[in-house]
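Here is the structure we will look at.
2 protein chains.
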Amino acid sequence: MEFSLKNEQQQLLSKMATNDGHGENSPYFDGWKAYDSDPYHPTRNPNGVIQMGLAENQLCFDLIEEWVLNNPEASICTAEGANKFMEVAIYQDYHGLPEFRNAVARFMEKVRGERVKFDPNRIVMSGGATGAHETLAFCLADPEDAFLVPTPYYPGFDRDLRWRTGIQLLPIVCHSSNDFKVTKESMEAAYQKAQEANIRVKGFLLNNPSNPLGTVLDRETLIDIVTFINDKNIHLICDEIYSATVFSQPEFISISEIIEHDVQCNRDLIHLVYSLSKDLGFPGFRVGILYSYNDAVVSCARKMSSFGLVSTQTQHLIASMLSDETFTDKIISTSSERLAARHGLFTRGLAQVGIGTLKSSAGLYFWMDLRRLLRESTFEAEMELWRIIIHEVKLNVSPGLSFHCSEPGWFRVCFANMDDESVRVALRRIHKFVLVQGKATEPTTPKSRCGSSKLQLSLSFRRLDERVMGSHMMSPHSPMASPLVRAT
Amino acid sequence: MEFSLKNEQQQLLSKMATNDGHGENSPYFDGWKAYDSDPYHPTRNPNGVIQMGLAENQLCFDLIEEWVLNNPEASICTAEGANKFMEVAIYQDYHGLPEFRNAVARFMEKVRGERVKFDPNRIVMSGGATGAHETLAFCLADPEDAFLVPTPYYPGFDRDLRWRTGIQLLPIVCHSSNDFKVTKESMEAAYQKAQEANIRVKGFLLNNPSNPLGTVLDRETLIDIVTFINDKNIHLICDEIYSATVFSQPEFISISEIIEHDVQCNRDLIHLVYSLSKDLGFPGFRVGILYSYNDAVVSCARKMSSFGLVSTQTQHLIASMLSDETFTDKIISTSSERLAARHGLFTRGLAQVGIGTLKSSAGLYFWMDLRRLLRESTFEAEMELWRIIIHEVKLNVSPGLSFHCSEPGWFRVCFANMDDESVRVALRRIHKFVLVQGKATEPTTPKSRCGSSKLQLSLSFRRLDERVMGSHMMSPHSPMASPLVRAT
Chain P
1 MEFSLKNEQQ QLLSKMATND GHGENSPYFD GWKAYDSDPY HPTRNPNGVI
51 QMGLAENQLC FDLIEEWVLN NPEASICTAE GANKFMEVAI YQDYHGLPEF
101 RNAVARFMEK VRGERVKFDP NRIVMSGGAT GAHETLAFCL ADPEDAFLVP
151 TPYYPGFDRD LRWRTGIQLL PIVCHSSNDF KVTKESMEAA YQKAQEANIR
201 VKGFLLNNPS NPLGTVLDRE TLIDIVTFIN DKNIHLICDE IYSATVFSQP
251 EFISISEIIE HDVQCNRDLI HLVYSLSKDL GFPGFRVGIL YSYNDAVVSC
301 ARKMSSFGLV STQTQHLIAS MLSDETFTDK IISTSSERLA ARHGLFTRGL
351 AQVGIGTLKS SAGLYFWMDL RRLLRESTFE AEMELWRIII HEVKLNVSPG
401 LSFHCSEPGW FRVCFANMDD ESVRVALRRI HKFVLVQGKA TEPTTPKSRC
451 GSSKLQLSLS FRRLDERVMG SHMMSPHSPM ASPLVRAT
Chain S
1001 MEFSLKNEQQ QLLSKMATND GHGENSPYFD GWKAYDSDPY HPTRNPNGVI
1051 QMGLAENQLC FDLIEEWVLN NPEASICTAE GANKFMEVAI YQDYHGLPEF
1101 RNAVARFMEK VRGERVKFDP NRIVMSGGAT GAHETLAFCL ADPEDAFLVP
1151 TPYYPGFDRD LRWRTGIQLL PIVCHSSNDF KVTKESMEAA YQKAQEANIR
1201 VKGFLLNNPS NPLGTVLDRE TLIDIVTFIN DKNIHLICDE IYSATVFSQP
1251 EFISISEIIE HDVQCNRDLI HLVYSLSKDL GFPGFRVGIL YSYNDAVVSC
1301 ARKMSSFGLV STQTQHLIAS MLSDETFTDK IISTSSERLA ARHGLFTRGL
1351 AQVGIGTLKS SAGLYFWMDL RRLLRESTFE AEMELWRIII HEVKLNVSPG
1401 LSFHCSEPGW FRVCFANMDD ESVRVALRRI HKFVLVQGKA TEPTTPKSRC
1451 GSSKLQLSLS FRRLDERVMG SHMMSPHSPM ASPLVRAT
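Residue numbers (the numbering used here), protein chains in the order written: chain P, 1 to 488; chain S, 1001 to 1488.
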């Protein structure tokens, strides 16, 4: 439902309700809408848009369902667990069930290779990572204050951290020339720019492993960042929601490991955001976690958690599931293996037609380099190409522009929200596209290329897709699927 | 965990994090802490504090557990339902499961005697009523704007609507002389006062049935209120979270019924807050609902709901449960009967020692009149009496002051979070207190009364409680129970 606002109506509502701070007006979300209006299905809609804009982890639900069936006492809705229904349903303590906090802290330790310890008393619940980010922004900064954030970054941050808090996000500009690494110079440049504009910098927002890059930060960079924020006396918010999606070397190093073992800093400045939406693939359960080394932030954030507590029904289930260390060991290792296999299948397939991707070892997506397919090196050309990919190739991938990338031609491609066969369909479409694009571009001028390729593509793909049967998407989302829920 | 803030630390955090806007510094919550430090238990701690400050509905969990066991397919954690685990866990649409919205809308109609219709497309999820209130405040008002609210009102409103939004709540002062009714004169007076102070009034916050009064608003008053807000062109937020707790005449009339049948108004001004924390007794599940007749508010609030969505595991269960109309009919009627019986048992017991209560027909509490036990008619005297009740009589009731009541001597007493035997223990303590208070006060001056009664009380109650065995509280909350979660 979208509604146009009359002037009179606008006066009745708040400024917040009548501005665009929610950030939904982005090609990132437009792509979701394109998918929603024509979703691919192997038999019912084989020419539909394949959803590759959704960072979902669907590769291990066989293990999860097996565990659930073997552990009926973990649920308050089974014969074995219903005697706890009332106790769980009436529990309204904003600290959360102690067994939930203990189990989440242990799981976070395990995901970080047992190299760090987490105190369950510092675990604060939130409505997904979305809520955790907003809570931290409310706790750490006043309206107009700013957080620095390396580009490219997750589009939802603009909503999560900015919309209702009034803070700003200022880019630390990263470049493909060094694989989008965060350098001392880039941090310092962003900070100086803010100083010159008289903007108070209160924090540094880091996402590690990175969405959309799929890369993990190396130890040296992490030490540089901690040193930087400590020198400037600003907060470091480290979003580690993809920490268990690491599937190859280099391994993931948590900020917690850095401050425990590598560098001295004021720990009151360090805050983690976590979630089970990616690592376990439960975005619907809205398990968000804020972990702060700052006592005052823990205390304040816990009071704010009343606005986004995790359902006790879900806390109870998760407490049991994550307390089973045989299970958590198994799912972490199996998920890693399956993500590696899927990533390999997809990126090798792209390499066959000369499409490169940024080398990565984590995430539910990779960062695809289509710079050589751009008409010219501009974001206008990136959007032209993206519209062809969405509407003709019928793949919802997300353009770099929507991630605030500084260079045109990069696209995020999600690969864990579908089955192998859907990946093959997607690859066939891309192969065809690249081949047709190559043929179509040779004899024409840049101006006319798009129109020409569009026509050929729409013919080619219809025939191609007609031959693809028997495959299926694992997640046919509803036509009303909403774009702005965190978990992407 | 409470921490003192150093000056330096304060500068690092936001103003919001370092002020007291969270509202926890209230006797309302102090009472909870007193209970938490010495919780009553029939055998383990028979002299402990009985929790009567918690508006929980625990009287029908036998029916709920029976339903759960008879409907294993309603859960994704049973053999019958686990095949839907993935589909539910990955669902991240902020509209909510369609079957959830349909079922909630139907339940809301049923609770309102089928006299109104609700459109499932206007159902917006939130993290409890807490989140719904904040979302509405963000949508409807800018910082410094004000909502009018009749007194006495729920202490959590100060946090829910004000803390992070920066809006103000201005009292519409109500009096015991007309049973705390909202009058045209009192509304107009509050509005004029705001005008004179140059404060922009953007809304009227109504809680019907009232917490803490337990009363329902009559049709005439509701019509007056709708006329008032329509004339002033301000919003009406109607919190109806206790709508299914009505246990006797007069019956509950929803604001929806008034605007559909009784009075013309601009429906863009009308918004409902609902929840399953009270009517079904599931505060832990965090099912909050915002229902607006204003399209733009629905659209904006839905975007904001990303910060406090209901867990899909819980949506799925609630969808099944509330779709079973045989069950919903039964639980609504049974709950009503049991609340009536409990309310009668308690208020008759108080009447035996001359303690009056405001006549009420709803809620999980009543409004107890202890004005004649005050040393003098001041809030200082109310707090003195309250401290005796908490620390000597060992009942956590909530003083009127914490509800912004304009007259000292009133206390809210919750009655549905315990079993009959605990009610009897509480009544015996009150009887003893009143008798001792009577004896103790006769020969002494006002100044010395409290000290004297304290001593006698502590001796009397120890002996009394030693005789009370075999009873038990239904909800021994954890010692870390948090005070500020909505559901109270």
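The beta-carbon is built from N, C-alpha and C at its ideal position, and this holds for glycine as well.
Inter-residue spacing [alpha-carbon to alpha-carbon] between residue i and residue j
| i | j | result |
| --- | --- | --- |
| S985/S | T1314/S | The structure shown has nothing for residue 985/S, since chain S only spans 1001 to 1488. |
| T183/P | K15/P | 38 Å |
| T1328/S | S1320/S | 11 Å |
| V1104/S | V1287/S | 10 Å |
| M86/P | K1330/S | 18 Å |
| L1013/S | L148/P | 16 Å |
| D142/P | R164/P | 11 Å |
| L236/P | C139/P | 13 Å |
| D1020/S | R1412/S | 24 Å |
| L339/P | F252/P | 15 Å |
| G281/P | S275/P | 10 Å |
| T1018/S | L1136/S | 24 Å |
| I1088/S | F29/P | The residue asked about is misnamed: residue 1088/S is Val in this sequence, not Ile. About 22 Å. |
| S254/P | F100/P | 22 Å |
| N1121/S | M1108/S | 14 Å |
| S1458/S | P1027/S | Low confidence applies here, because S1458/S scores a pLDDT of 37, under 50, leaving its location unreliable and the question unanswered by this model. |
| I430/P | T312/P | 45 Å |
| S1406/S | F1379/S | 9 Å |
| Y91/P | E144/P | 38 Å |
| I259/P | K278/P | 24 Å |
| I1389/S | R1375/S | 14 Å |
| R371/P | S402/P | 16 Å |
| N1208/S | A146/P | 42 Å |
| V1124/S | T1245/S | 22 Å |
| Y94/P | H41/P | 42 Å |
| N45/P | K394/P | 12 Å |
| E1080/S | T1326/S | 21 Å |
8 Å Cβ cut-off: residues of chain P touching residue i
| i | result |
| --- | --- |
| E1134/S | F307 |
| L1317/S | C77 and Q313 |
| K1232/S | Result: empty, since nearest Cβ-Cβ is about 12 Å, beyond 8 Å. |
| I1355/S | The contacting residues do not exist; I1355/S stays about 28 Å from chain P at best. |
| C1139/S | L13, S14, M16 and A17 |
Beta-carbon proximity check, residue i vs residue j, cutoff 7 Å
| i | j | result |
| --- | --- | --- |
| V1273/S | H1133/S | yes |
| W1386/S | P1212/S | no |
| L97/P | C414/P | no |
| G308/P | G127/P | yes |
| S306/P | T1334/S | no |
| G949/S | D1158/S | Only positions 1001 to 1488 of chain S appear in the structure, and residue 949/S is not among them; the question remains open. |
| P1152/S | G1438/S | no |
| E392/P | G409/P | no |
Within chain P, partners of residue i - CB distance below 9 Å
| i | result |
| --- | --- |
| C1414/S | Result: empty, since nearest Cβ-Cβ is about 13 Å, beyond 9 Å. |
| G1281/S | M86, A89 and I90 |
| V1068/S | I76, C77, T78, A82 and F85 |
| A1103/S | Result: empty, since nearest Cβ-Cβ is about 16 Å, beyond 9 Å. |
Residues that residue i contacts on chain S, provided the C-beta gap is smaller than 7 Å
| i | result |
| --- | --- |
| R286/P | L1309 and S1311 |
| V88/P | G1284 |
Per-residue contacts from residue i into chain S (C-beta, under 8 Å)
| i | result |
| --- | --- |
| Q58/P | M1086 and I1090 |
| D324/P | Ordered by position in chain S, no residue passes the 8 Å Cβ test against D324/P, which lies about 14 Å from the chain. |
Exercise for review: For the stretch 1349-1421 of chain S, list the beta strand (DSSP E) runs that are entirely contained and at least 3 residues long, ordered along the chain.
Suggested key: Taken in chain order, the whole beta strand (DSSP E) runs of length 3 or more contained in the stretch 1349-1421 of chain S are 1365-1369 and 1410-1414.
Check your understanding: Does the pairing of the stretch 255-264 of chain P with the stretch 221-239 of chain P give three or more beta-carbon distances under 8 Å?
Key -> Touching, yes, given that three or more Cβ pairs across the two stretches are closer than 8 Å.
Exercise for review: Within the stretch 154-208 of chain P, note down every full beta strand (DSSP E) run reaching 3 residues or more, in order along the chain.
Suggested key: The qualifying runs are 168-172 and 201-207.
Review point. Residue ranges of each alpha helix (DSSP H) run of no fewer than 4 residues wholly in the stretch 244-332 of chain P, ordered along the chain?
Key: Qualifying alpha helix (DSSP H) stretches, in chain order: 295-304 and 312-323.
**Study point:** Entirely enclosed alpha helix (DSSP H) segments - the stretch 1081-1135 of chain S, minimum 4 residues
**Key:** Listed in chain order, the complete alpha helix (DSSP H) runs (minimum 4 residues) inside the stretch 1081-1135 of chain S are 1085-1089 and 1098-1111.
**Study point:** Given 8 Å, three or more beta-carbon pairs between the stretch 1060-1072 of chain S and the stretch 1341-1357 of chain S
**Key:** Of all C-beta pairs linking the stretch 1060-1072 of chain S to the stretch 1341-1357 of chain S, fewer than three are shorter than 8 Å, placing the two stretches out of contact.
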